[in-house]
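Throughout the sequence shown, residue numbering follows this note's numbering, covering 14 to 821 in sequence. We put the CB at the ideal spot given by N, CA and C, even for glycine. I have placed the structure first, in the form of C-alpha cells, so that the comments after it can refer back to it.
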Amino acid sequence: MLMKKQNLLLTMENIFNYKSKNGDYRFLNIAKIDIFEQVPTVFYINSEYNDFSYSSFWNSLIEKNATTLSLWLSAEEDKFRKIIFNKSEVNDHIDYLKLKNVVKKSDHNLPIYTVWKDCLKEYPNTTETREEIKKWFNNFEISTKNAFYNVLTQNSEQIVSAINEFTKEISLLENKIKSKSVVLSESDIVEFLENFNKETLRIQNNIFEKYLEVFQKLSTRYEFYSKNQLILNGTAQEQQIKEYKIQLKYLDDISKSSIHKVYNDLKIRDILSEIEFYKNYRNKLSTQSLQQIDLFKTRLKNQITTLKSEIKKIPGINPNKEQLYKNYFYLRSLLKLWFKNKQYFKYSSIDTLEKVNKNLIAEKIFFNIGDKKSIYKLSPIKKFFMYKELELDFDEKAQKAYEESDNQALLIQKTIDKLQKKLKKITKNSYNQITIKKNIVKYQALEQRIKLAEADLDWNKYSEQKLYKNALKNKNLKVKKLISNTKKSLKEANNFFKFFREFINSHPNKSVVLSSDEYIKFENFFTQYIDLDLFNDFIIQLGEFTLDRNKGSSKFINYFVAMIKFVKAYEYLSINNINFFNRFKDLNFLEATKFKLVKYYLNPTKVLFIEDDSNINNYNIKNEFLRVFKNIAMDNGITYVFLSEDTKFIVNNFEDIHIFYNNTAIEGGKLRDVVKNPIHPITKKIFNKSAPKRNSLLKETEDYIFNEIIPIETDSDHYVYSKYKNFKQWTNSLIEFHENYSNSSTGTFNLNLNDFINTNYQSFLENQEFLLTNFQQNHRPERKVLPLDFKNDHFETNKETADTEKLL
14 MLMKKQNLLL
24 TMENIFNYKS
34 KNGDYRFLNI
44 AKIDIFEQVP
54 TVFYINSEYN
64 DFSYSSFWNS
74 LIEKNATTLS
84 LWLSAEEDKF
94 RKIIFNKSEV
104 NDHIDYLKLK
114 NVVKKSDHNL
124 PIYTVWKDCL
134 KEYPNTTETR
144 EEIKKWFNNF
154 EISTKNAFYN
164 VLTQNSEQIV
174 SAINEFTKEI
184 SLLENKIKSK
194 SVVLSESDIV
204 EFLENFNKET
214 LRIQNNIFEK
224 YLEVFQKLST
234 RYEFYSKNQL
244 ILNGTAQEQQ
254 IKEYKIQLKY
264 LDDISKSSIH
274 KVYNDLKIRD
284 ILSEIEFYKN
294 YRNKLSTQSL
304 QQIDLFKTRL
314 KNQITTLKSE
324 IKKIPGINPN
334 KEQLYKNYFY
344 LRSLLKLWFK
354 NKQYFKYSSI
364 DTLEKVNKNL
374 IAEKIFFNIG
384 DKKSIYKLSP
394 IKKFFMYKEL
404 ELDFDEKAQK
414 AYEESDNQAL
424 LIQKTIDKLQ
434 KKLKKITKNS
444 YNQITIKKNI
454 VKYQALEQRI
464 KLAEADLDWN
474 KYSEQKLYKN
484 ALKNKNLKVK
494 KLISNTKKSL
504 KEANNFFKFF
514 REFINSHPNK
524 SVVLSSDEYI
534 KFENFFTQYI
544 DLDLFNDFII
554 QLGEFTLDRN
564 KGSSKFINYF
574 VAMIKFVKAY
584 EYLSINNINF
594 FNRFKDLNFL
604 EATKFKLVKY
614 YLNPTKVLFI
624 EDDSNINNYN
634 IKNEFLRVFK
644 NIAMDNGITY
654 VFLSEDTKFI
664 VNNFEDIHIF
674 YNNTAIEGGK
684 LRDVVKNPIH
694 PITKKIFNKS
704 APKRNSLLKE
714 TEDYIFNEII
724 PIETDSDHYV
734 YSKYKNFKQW
744 TNSLIEFHEN
754 YSNSSTGTFN
764 LNLNDFINTN
774 YQSFLENQEF
784 LLTNFQQNHR
794 PERKVLPLDF
804 KNDHFETNKE
814 TADTEKLL
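Printed below as a string of C-alpha cells:
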C-alpha cells in the first residue's frame with residue numbers, strides 16, 4: 014500500500030544543554046528530530062528515565078542560540094515552500110500548552126473575558142485585517158457609518174434598557190448595605206452577594222445577547238466588503254467609467270494606426286507577461302534552493318561550534334577526543350563543500366537537496382583517516398588529500414541534484430528563448446498606417462457616457478452624505494443615549510465596587526466574606542467586567558464613529574479587528590451564552606476545554622507542543638481533550654506534539670513517536686514500526702515495562718557528539734540513535750537470530766533459506782558466510798574474526814582474533 018507523502022514541517026537540531034549538579038554534566042542532548050505536517054506526534058519522556066522537565070526542553074528549544082530550528086511553510090499562491098531558520102521568526106509559529114492549565118479546577122476567570130483578551134492579541138494576520146478595515150473605512154466612509162448607525166439605532170433601546178437594569182441592581186444592593194450596615198453579619202452579606210450574583214448573571218447574559226446581535230451584523234458587513242461585494246452604489250459607476258475609458262483609448266489607437274497594429278500590441282503585451290512569469294518562477298526556484306542550502310550551512314556551523322567547545326574540554330589526546338576531531342574535520346569539510354558548490358544546486362528541489370544532505374551526514378559513520386597516526390599529527394598535505402576524497406564523495410552523491418538543477422535551468426531558459434524568439438518576430442511586424450476617419454459619433458457617445466457616469470457618481474456621493482446628515486439629526490439621540498448610559502454604568506460599577514471593598518474591609522469578620530465562593534464570584538465579575546472593553550470602550554467608540562465624531566482611530570480599528578475575531582470564535586464554539594459568564598471552575602470539562610483552546614482557532618499556530626500532566630489519572634479526560642483539540646487542529650492546519658509518559662494514551666492516539674532515555678532521543682519514527690520492531694535495548698524494555706531506572710544505566714546512552722542517527726530502512730522514518738558498533742550488535746546478535754527462527758516453521762525456513770538469510774541476518778564482515786546446517790544447534794563458523802556480540806560460551810577466540818577486534 015502506497016503511503017501518503019508527508020511534508021517536513023519542523024526540524025530541531027543540536028539541542029545541547031548543561032545543568033550544574035555536583036559538577037557540570039549534560040542534561041539535554043538531542044541531535045535531530047523531524048516533525049511532519051499534520052502528523053500527530055508524541056515524545057515519550059518518562060521522568061524515571063530522564064533528568065529534565067518538559068519546560069526545560071521547551072526553554073532549550075527557543076532560548077539556546079546553538080539550537081537550530083527550521084520551519085517549512087507552504088505558499089498559497091504557488092507550489093514553492095518558504096524556509097525559515099531565523100529563530101525569532103520560527104518562534105512566532107510554534108507554541109507551548111500545559112494540559113494542567115486547561116483542566117485545572119481553581120480557575121475563577123470568566124470565559125468571555127479570556128476569549129476577548131485572546132481576540133485582542135496581535136496575531137500574524139492581524140496587520141493584514143487592520144489595513145483592510147482602514148481601506149474599507151476610507152473608501153466607503155459614509156455608507157459604512159450609515160450602516161453601522163442603522164445597526165446601533167435598531168438595537169440601542171434594548172441595550173440601554175438592559176444596562177439600566179444592571180445599574181439599578183447595583184444601586185439596590187448599595188442601598189440595602191447602607192441601610193443595614195451596622196447589623197449585617199457575614200452570612201447576611203454572603204446571602205446578599207448570592208442573590209446579586211444570580212441577578213447580574215441573568216442581566217449580563219441579556220446584555221450579551223443584544224450586543225452579540227450588533228457584533229454579528231457588523232461582522233457580516235465586513236465579510237461582504239472583504240469578499241468584494243458591492244456595498245456602495247458608486248462602485249458600479251466607477252467600474253463603468255473605467256470600462257468606457259478603455260474603450261475610448263482603443264478607439265483612439267485604431268483611428269491613429271490600424272486594428273491589426275492594436276491587436277499585435279496586445280500579443281506583445283501577453284508574451285512579455287509570460288516571459289516575466291517564467292523569470293519570476295526561476296527566481297523563486299533559485300531562492301527556495303539556496304535557502305535550503307543556507308539552512309544546511311547554519312546547521313553545520315552550530316554543530317561545529319558545539320564540537321569545538323567539547324574538544325577543548327577534553328585534556329590530552331584520547332579516543333573520545335580523536336572521534337570528536339574526526340567529526341569536526343568531516344563537518345567542516347562538508348561546510349566548505351556546500352559553500353563551494355552552492356551555485357550548482359540553484360534549481361534543485363528541496364526533497365532532492367534534503368536527500369543529498371542526509372546521505373552525506375550518514376557517511377560520517379564510515380569516515381576514517383586511513384592512517385594509524387593521530388589525526389592531530391597528520392600533515393597538511395595528508396589532510397588536503399582527505400578533503401579531496403571527501404569532495405569526490407560529495408560530487409558523487411550530489412550528481413543527481415546537479416543534473417536536476419541543470420535540467421530545470423535548461424528547460425526554463427528554452428521556454429524563455431522560445432518566447433523571446435516569438436516576441437522578436439512579431440515586434441518586427443510593420444503595418445501601414447491607414448488614415449481612418451474617426452467615428453465621431455461613437456467617440457462622442459463614449460465621452461458623453463463618461464461625463465454622465467462621473468456626474469451620476471458625484472450626485473450619489475452628495476446625496477448619500479446629505480441623507481446621512483439628515484438621519485443623524487433625526488435619530489442621533491438614540492446613539493448618544495447609548496454612549497452616555499454605557500459611560501454611566503461603567504462609572505457606577507467602579508464606584509460601587511470601591512464602596513463595597515471599603516465596607517468589607519471595615520467588617521469585623523471580613524476574612525469569612527472574602528474567602529466565600531460568592532464573594533470570589535462577585536469580585537471576579539466586577540474586576541473583569543470593568544476591564545471588558547468589548548462592552549464599554551468599544552461600544553462608546555463605535556457610537557462616536559457612527560455620529561461622525563471620528564474617522565476611525567487606531568484604537569477603534571484594533572477593537573474592530575478583535576470584535577470580528579470574537580464573533581468568529583463565538584460561532585465556532587457553539588456554547589450556550591450563559592456559560593460565557595460562568596467561571597471556568599464551574600463549567601464541565603468539554604466547555605472549559607473549548608474556551609481554552611479557541612485561541613488556536615483565532616491564531617492557527619503551525620506547531621503546538623502540549624505538555625501532559627501526570628497528575629491527571631483519568632484516561633477519559635485526556636481523550637476528551639484530544640478529541641476537541643483534533644477538530645481545531647484539523648480545521649486550522651495545526652500540527653501537535655504531545656510530551657507524555659502515558660503509554661496507553663500514546664499507543665492509541667499518535668502516529669509518530671520519539672523515545673527519550675537518559676536525556677536524549679534514542680529511537681523514533683512511525684509508532685507502529687517502533688513498537689513492532691524496536692531496535693534499541695531500552696526501547697524494547699520500555700514497551701515491555703521493564704526499563705531500568707536512569708541512575709542504573711548512566712552510560713547506556715552517550716552524548717550525541719559520539720553517537721549517530723542511523724536509519725533502519727531507506728524508505729522509513731524509523732531511526733535509532735547510537736554508536737554504529739552498538740547498532741550492529743543489536744541487529745545481528747545470535748539472540749535476535751534465534752528469536753527470528755523460533756517464530757518460523759522449520760519447513761518454511763528450509764524452503765526459503767537464501768531469502769531468510771538475506772532478510773534476517775547480516776554478517777559483521779562483508780562478503781562472509783556462516784555455515785548454517787543445523788538450526789537447532791550452534792555451529793562454529795569457519796572464520797576466526799568474530800563480532801563482539803558473538804563471543805560467548807559456544808565460540809572460542811584467540812589472541813589474533815582479539816587483536817583484530819581492537820583494530821576494528
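Straight-line CA distance for residue 133 to residue 316? 40 Å
Would you kindly report the start and end of the unbroken alpha helix (DSSP H) that includes residue 640? 632 to 649
Please go through the same chain and pick out, in chain order, the residues whose beta-carbon is closer than 6 Å to the beta-carbon of residue 4, but skip the five residues on each side of it. Since the first residue of the chain shown is 14 and the last is 821, residue 4 is not available in this structure.
Buried versus exposed, by CB contacts within 10 Å (16 or more), residue 539: Burial is judged here by how many other beta carbons sit within 10 angstroms of a residue's own beta carbon; residue 539 has at least 16 and is buried.
What do you get for residue 301, buried or exposed, if any count of 16 or more other CB atoms within 10 angstroms of its CB means buried? Answer is buried; the Cβ neighbour count reaches 16.
What did DSSP end up calling residue 176 once you bin it into helix, strand or coil? helix
If residue 516 and residue 190 are in contact, beta carbons under 8 Å, what's the gap, nearest whole angstrom? 6 Å
Would you kindly work out how many angstroms separate the C-alpha atoms of residue 511 and residue 29, rounded to a whole number? 53 Å
Report yes if the CB atom of residue 655 is closer than 8 Å to the CB atom of residue 55, and no otherwise. yes
Determine the contact status of residue 122 and residue 597, defining contact as a CB-CB distance below 8 Å. Pairing residue 122 with residue 597 gives a Cβ-Cβ distance under 8 Å.
Where does residue 108 sit, in a helix, a strand or coil, going by DSSP? strand
What residues in its chain sit with their C-beta under 7 Å from that of residue 634, if we drop five residues either side in the sequence? Answer for residue 634: 116 and 602, listed in chain order.
Unbroken alpha helix (DSSP H) run spanning residue 556, endpoints: Per DSSP, residue 556 belongs to the alpha helix (DSSP H) from 550 to 559.
Rounded to whole angstroms, what's the CA-CA distance from residue 407 to residue 676? Just pull it up for me. When rounded, the distance between both Cα atoms is 33 Å.
Delimiting residues of the alpha helix (DSSP H) encompassing residue 77: Residue 77 -> no alpha helix (DSSP H), and no H or E assigned at all.
Whole angstroms is fine: what's the gap from residue 541's alpha carbon to residue 126's? 6 Å
With a cut-off of 8 Å, do at least 3 Cβ pairs link the segment 67 to 75 to the segment 688 to 702? no
Determine, using beta carbons only, whether residue 579 and residue 610 come nearer to each other than 8 Å. no
Strictly by DSSP, which residues pair up with residue 652? Partner(s): 620.
Whole alpha helix (DSSP H) elements within the segment 665 to 689, 4-residue minimum: 684 to 689
Whole-angstrom Cβ separation of residue 308 and residue 96, contact assumed at under 8 Å? Yes, residue 308 and residue 96 are in contact; Cβ-Cβ is about 6 Å, under 8 Å.
Quick one, are the C-beta atoms of residue 175 and residue 220 less than 8 Å apart? yes
Could you please give the first and the last residue of the uninterrupted beta strand (DSSP E) stretch that includes residue 692? No beta strand (DSSP E) contains residue 692, which DSSP labels as neither H nor E.
Apply the 10 Å Cβ neighbour rule to residue 496 and answer buried if 16 or more other Cβ atoms are within range, or exposed otherwise. buried
Please identify the residue among 662, 595 and 66 whose C-alpha is closest to the C-alpha of residue 214. 595
Would DSSP call residue 83 helix, strand or coil? Strand.
Does the beta-carbon distance from residue 258 to residue 570 come in below 8 Å? With respect to the 8 Å criterion, residue 258 and residue 570 are not classified as neighbours on the basis of their beta carbons.
With burial defined as no fewer than 16 other Cβ atoms inside 10 Å of the residue's Cβ, what is the status of residue 184: buried or exposed? exposed
Using CA atoms only, rank isn't needed, just tell me which of 318, 625, 186 and 640 is closest to residue 658. 625
Check this for me: beta carbons of residue 305 and residue 373, under 8 Å apart or not? no
Starting from residue 569, trace the alpha helix (DSSP H) in both directions and tell me its first and last residue. Element bounds for residue 569: 567 to 586.
Starting from residue 94, trace the beta strand (DSSP E) in both directions and tell me its first and last residue. 94 to 97
In angstroms, rounded to a whole number, what distance separates the CA positions of residue 277 and residue 265? 16 Å
Which stretch, first to last residue, makes up the beta strand (DSSP E) that contains residue 56? 54 to 57
In whole angstroms, what is the alpha-carbon distance linking residue 680 and residue 43? Roughly 11 Å between the two C-alpha positions.
Tell me where the alpha helix (DSSP H) around residue 591 begins and ends. From DSSP, residue 591 is part of no alpha helix (DSSP H); its letter is neither H nor E.
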